[in-house]
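Report on one structure; see the data block that follows.
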Amino acid sequence: MRKVRKRVPEVLWKLFGKRAQSLAEALLSLIPPATLQCRCKGSRACLRCRSSDTERMSFLLREDDPSHYRTLLNHCFVVLFHTAPSPPPFDYHSRFSQIELVRKTIEMILSENISTKNVICTGYNKHKRSSTALEALTSSSWNLLLKRVGDGLMVHLLKHSLIFMPLNRKKHHQVAGIAINDLCWQHLKNHQHSSGVPERHHKADSVFMNIDIPESSLSCHGDSTVRVDLSQENGVLSRKRLRSRACRRKRKRRKLSSQYTKSSLPEKMKSLCSCCSVWQTLQKVSTKNQINKRPMLYKLERTSSILPEKHIINSLRPNACGANALFKDIFDVCSALQPTQCTHSNDTCVVGATCLYHSLHKRLKILIRKASHCPRVKLLNKHILDQSSTSEQSSELSCSKRQVVSFVWAACMNIIPRELLGNWRILRKNISKFIRLRIYEKFSLHQCMYKLKISDFQFLSAICNSGIIRKLLERWTYWVFAFIVVPLLQANFYVTESEHGKLQVFFYEKSVWEKLMKTSIGCLKDECYRLVNVTSVKQIVSCRRFGFSRVRFRPKANGIRPLANLKSSSRLQISHSIKEFKAVNVVLQDLHAALKDVQIKAPEKLGSSVFSYNDVHRNLRNFISRVKSGSSTLPRMYMVVADVQKAYDSIDQDKLLHLMKDVIVDDHLLHQTHQIIASNQHFQVLPYINLCKQFRSHAQSHSSHSIILDQGRSRIAAKDDLHFNLQQHVKNNLLYIDQRFYQQNVGIPQGSILSSLLCSFYFGHMETTKLVPFLDKITKSDFMLLRFIDDFLFISTSKKLALGFFSRLERGFCEYNCSMNKEKFGLSFDFGQIKSKLNWSDFDGNGNKFVRWSGLLINCKTLEVQADYTRYLNAHLRSTLTVCWQGNPGQHFRKKMCDYLRPKCHPIFYDSNINSAAVVRLNIHQAFLLCAMKFHCYACDLSDICTFDSRSYLDIICKSLRYMYRLMKRRVFSMQVDPGLRPFIRVRRREVDWLGLTAYVEVLKRKQSRYNELLYLLELKLKSVTIESPDLKSAADKSNSSVLWKIKY
1 MRKVRKRVPE VLWKLFGKRA QSLAEALLSL IPPATLQCRC KGSRACLRCR SSDTERMSFL
61 LREDDPSHYR TLLNHCFVVL FHTAPSPPPF DYHSRFSQIE LVRKTIEMIL SENISTKNVI
121 CTGYNKHKRS STALEALTSS SWNLLLKRVG DGLMVHLLKH SLIFMPLNRK KHHQVAGIAI
181 NDLCWQHLKN HQHSSGVPER HHKADSVFMN IDIPESSLSC HGDSTVRVDL SQENGVLSRK
241 RLRSRACRRK RKRRKLSSQY TKSSLPEKMK SLCSCCSVWQ TLQKVSTKNQ INKRPMLYKL
301 ERTSSILPEK HIINSLRPNA CGANALFKDI FDVCSALQPT QCTHSNDTCV VGATCLYHSL
361 HKRLKILIRK ASHCPRVKLL NKHILDQSST SEQSSELSCS KRQVVSFVWA ACMNIIPREL
421 LGNWRILRKN ISKFIRLRIY EKFSLHQCMY KLKISDFQFL SAICNSGIIR KLLERWTYWV
481 FAFIVVPLLQ ANFYVTESEH GKLQVFFYEK SVWEKLMKTS IGCLKDECYR LVNVTSVKQI
541 VSCRRFGFSR VRFRPKANGI RPLANLKSSS RLQISHSIKE FKAVNVVLQD LHAALKDVQI
601 KAPEKLGSSV FSYNDVHRNL RNFISRVKSG SSTLPRMYMV VADVQKAYDS IDQDKLLHLM
661 KDVIVDDHLL HQTHQIIASN QHFQVLPYIN LCKQFRSHAQ SHSSHSIILD QGRSRIAAKD
721 DLHFNLQQHV KNNLLYIDQR FYQQNVGIPQ GSILSSLLCS FYFGHMETTK LVPFLDKITK
781 SDFMLLRFID DFLFISTSKK LALGFFSRLE RGFCEYNCSM NKEKFGLSFD FGQIKSKLNW
841 SDFDGNGNKF VRWSGLLINC KTLEVQADYT RYLNAHLRST LTVCWQGNPG QHFRKKMCDY
901 LRPKCHPIFY DSNINSAAVV RLNIHQAFLL CAMKFHCYAC DLSDICTFDS RSYLDIICKS
961 LRYMYRLMKR RVFSMQVDPG LRPFIRVRRR EVDWLGLTAY VEVLKRKQSR YNELLYLLEL
1021 KLKSVTIESP DLKSAADKSN SSVLWKIKY
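By UniProt numbering, the letter at position 489 of the sequence shown is numbered 489, and the numbering carries on one by one without gaps.
Dropping the structure here:
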């Protein structure tokens, strides 16, 4: 049987490759071969006496070993140093305890080199003889391991290896060896010059990831290049079909004939003329190069010309000098000399009779002249303004994609000479694809050149070398998209995403957007902002470390919303120098860590706040267990849902600062840690602040693997400094809008890392002092109150108590400047005059009543929980996708299908303590329905570039079914809760397969003409897993998923 190798975490694999091993494998590699001279005298009582690795592994890891010891050996990873000496002679005796051995090892390393960079010595206190790494390395699992490997081998391992202990499935904590972030920085220095990658993104080593073609296998002559397609679709390396032997013989004869003709010329006539030698320095552009969309996003500047003011064409004149400058900018040639006498007219140049260099210069002069005379206003009126809507809704004032494509193409036709555009139909179609991209999608040079042929560009026929022709076409096409299309959009449109359009990009003509902005700024001044002069701004920022925030506006359904960027630094001229200030969120990291500490140690100060579905799950499960009191049925429930109106903008600043004095009462010891994350192509090193010995719980969540690193850097955040930063952030929040400064008078900044916590403390104080005492006076009935920032959920067994809660919220809390949004109340019961207040209540096809709260649908009768899919109803489902056409589209497709299932795999939907068997299966079926709809949308978008056969589609679907089952099980069983209330799930693998296949068949049948063969394969597979169950039939009933069938896909 083939040995299955443990999967190495992604970060370690990209850095170390096969050198990264599990702890068990590393130990076996250090043990010498068996010998009769062993100290146990061949009694097979030690690890060395075992002859094979299988026997040694069975000695190291036994059947009766505890689970935490198995986890250590299998999921702790080790990388041995290259320069490590040979391990000492094996001795199975352990004369010291593990804690004594680790302490002696640390002190030995420090005595040898006091400035050591070994992580095991980080933060070691010589007086207390303790540290975080020492605690991790002295658990009961390590003590058991010491008894089996002996002192010598353990010391060698601690001293000469990198050790990464598991925190959870996707995180490891480095406890020994050179700090991995130093290795990442060193890796960056080796690759930064060649790759040009930003500092925070470290290019991953391609040795273990990519397949490289040796340079020797490619011809250096452009006319004999062999193109090899290394796309690994469906895991298979494919090669383009080779030409027939007859074609290759003809090509060889033509090559020999041309060589004979050239050799018959005099020697002095064989050389290229200077204008042809320019092409020899032409560099190839990678087809993976992306068109940078950033210059066209969120640009407010208006220009009188059709291109931005700083565009190179606006600085040139239509003469030889201007054409030469533009030529070098487009083709990036190294020739700075002016060509001498051209020999093309004498038919003596080896390249041909037509001079491409001079031909291009002539056309570039025409391009410069036409760009300076392009009728911008006329084109805008014809293609945009005359067809614009007269509505006052911001969503209807944007230009349609068809209008934008029409304008950009008309501008290109007016600027670029026609013979340089090639096939108009194909080029326009590619431009249209670029304009229709969603906000996070990328567009590569390969997509720009899709279906463009060299034969469409007649001016390229002057050169016989196909390699040079290809480079020319790539350079020219890249320049058209990056330096014509993108600047046209930048100069004439405000390009942004919107709240109502999900990930779709919207284009607003600049004058229309300015009117919307002025209206919004006027509303801001009337509500909670005031205009301040520059002198006041300088006085405010001169006494603090952070400056001001720039604001951009995002369209919403009935206007535009200001968004402050608190993540970027700012500059301001003070006295005679320009001072640079740190970003607001960077300075507030210490305060954020201190507030998270209060959240952990004193959760009562946040009232009924919940911060994730885990908190909701825990509270709801406890409440259901409490009200059932051993019964199998629930008493009648009364529910109220409410939402605070303008929660962030209505907070009383003075009241907030006053109550926060009781929250931050001490200094805080803060600890800096690093998190190293591996993405597809890069490493990221993320420094963040946490409380000492609490960094594990505060580690950021990422879908990819990460390494947590503690380097012992700590500092004390004084209470007075924390209060000062909070006061400056709340009372002196400065925004830079449209070349002016504004100060916030009411509310707290949105976009701050503190916003949700401050809001929770504020409303938590309101609940503790006002709301809960009021409810206690009404009755002593049991109830549950949850609040996700500003969204309230109240459940009680008493109708009187629910009515009291509703009436108290309806009156508002004047002392806290808090009032509820009347349109967002939801009640599970009717009572006289409030019968109509059911806007946040829903009914399914069977008449079951639900209340909607924070993305959940809660059954008013049984408290069963389903996912709320109503947010998908307002736009086409395609607007929620981000399609990747680059690299291996098939691999990205598979990953996306799994990603779409992940948000709906929370234990709250599948816990049988909360939901019945029918609802658990309904939740699974609905998750697959949405995933199947996204499958269709994604496949349609990919079809422009590549297509898959039905078998490939079936493999992708089957993988998503397997992934869903594994993820549900893992998340339910990994919940850390009270043993008596541990969640459990009663769903078989075959049931998940049946529910998923049924969902895909139902969705794809509506697009039957596209998926005939796939549907046949799905139905065959469905027959093989057919199960008779009333719960499954109820889950597949369309009336129970009526909302999902209203989604446009």
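Built from N, CA and C at the ideal position, the CB exists for glycine as well. The structure displayed is predicted, hence computed values, not measured ones.
Asked: Touch test, the stretch 149-156 against the stretch 90-100, Cβ-Cβ under 8 Å, three pairs minimum; Found: yes
Asked: Continuous alpha helix (DSSP H) assignments of at least 4 residues falling wholly in the stretch 498-543; Found: 510-527 and 534-541
Asked: Pair within 8 Å by beta-carbon distance, SER796 and LEU929; Found: no
Asked: Three-state secondary structure assigned by DSSP to MET933; Found: helix
Asked: Proximity winner among GLU396, SER536, ILE737 and ARG70, relative to LEU144 (alpha-carbon distances); Found: ARG70
Asked: For MET820 and GLY764, the rounded distance between their alpha carbons; Found: 16 Å
Asked: Assigned secondary structure, PRO555 (DSSP; H/G/I helix, E/B strand, else coil); Found: strand
Asked: Buried versus exposed, by CB contacts within 10 Å (16 or more), LEU873; Found: exposed
Asked: Local conformation of GLY152 per DSSP, three classes; Found: helix
Asked: N- and C-terminal bounds of the beta strand (DSSP E) containing PRO1030; Found: Counting along the chain, PRO1030 falls outside any beta strand (DSSP E), though it belongs to the alpha helix (DSSP H) covering 1030-1036.
Asked: CA nearest to the CA of CYS528, picked from VAL1043, LYS731, GLY747 and ARG621; Found: GLY747
Asked: DSSP three-state assignment for LYS14, whether helix, strand or coil; Found: helix
Asked: Where the alpha helix (DSSP H) containing ASN821 begins and where it ends; Found: Element bounds for ASN821: n/a, residue is neither H nor E.
Asked: Helix, strand or coil at LYS567 [DSSP, three-state]; Found: coil
Asked: Buried or exposed by the 16-neighbour rule on C-beta atoms within 10 Å, applied to GLU604; Found: exposed
Asked: Burial state of ALA932, where buried means 16 or more other Cβ atoms lie within 10 Å; Found: buried
Asked: Buried or exposed (CB count within 10 angstroms, at least 16 for buried), GLY630; Found: exposed
Asked: Spatial distance of THR477 from LYS310 (CA atoms); Found: 21 Å
Asked: Rounded C-alpha distance that separates ARG878 from ILE1027; Found: 33 Å
Asked: Cα-Cα separation, ALA411 to LEU421; Found: 12 Å
Asked: Beta-bridge partners of residue 1055, as assigned by DSSP; Found: Here the chain has residues from 1 to 1049 only, and residue 1055 is not among them.
Asked: Run of the alpha helix (DSSP H) containing VAL598, from where it starts to where it stops; Found: 589-601
Asked: Buried/exposed call for CYS399, threshold 16 Cβ in 10 Å; Found: buried
Asked: SER577 versus SER612, ARG129, LYS538 and SER798, residue with shortest Cα-Cα distance; Found: LYS538
Asked: Entirely enclosed alpha helix (DSSP H) segments - the stretch 447-486, minimum 4 residues; Found: 466-480
Asked: Whole-angstrom distance between VAL175 and LEU754, CA atom to CA atom; Found: 31 Å
Asked: Proximity below 8 Å, CB of LEU722 to CB of ILE676; Found: no
Asked: Residues of its chain near TRP1045, where Cβ-Cβ distance is below 7 Å and the 5 sequence neighbours each way are ignored; Found: LYS1038
Asked: Helix, strand or coil at ALA583 according to DSSP, with G and I counted as helix; Found: coil
Asked: Whether ARG530 touches ASP911 by CB criterion (8 Å); Found: no
Asked: Beta-carbon spacing of LYS170, SER952 below 8 Å; Found: no
Asked: Backbone secondary structure at PRO749 - three-state DSSP; Found: coil
Asked: Where the beta strand (DSSP E) through ALA642 begins and ends; Found: 638-643
Asked: Three-way DSSP call (helix, strand, coil) for TYR494 in this model; Found: strand
Asked: 8 Å Cβ cutoff met for PHE457 and PHE443; Found: no
Asked: Contact between the stretch 503-512 and the stretch 561-575 (3+ Cβ pairs under 8 Å); Found: no
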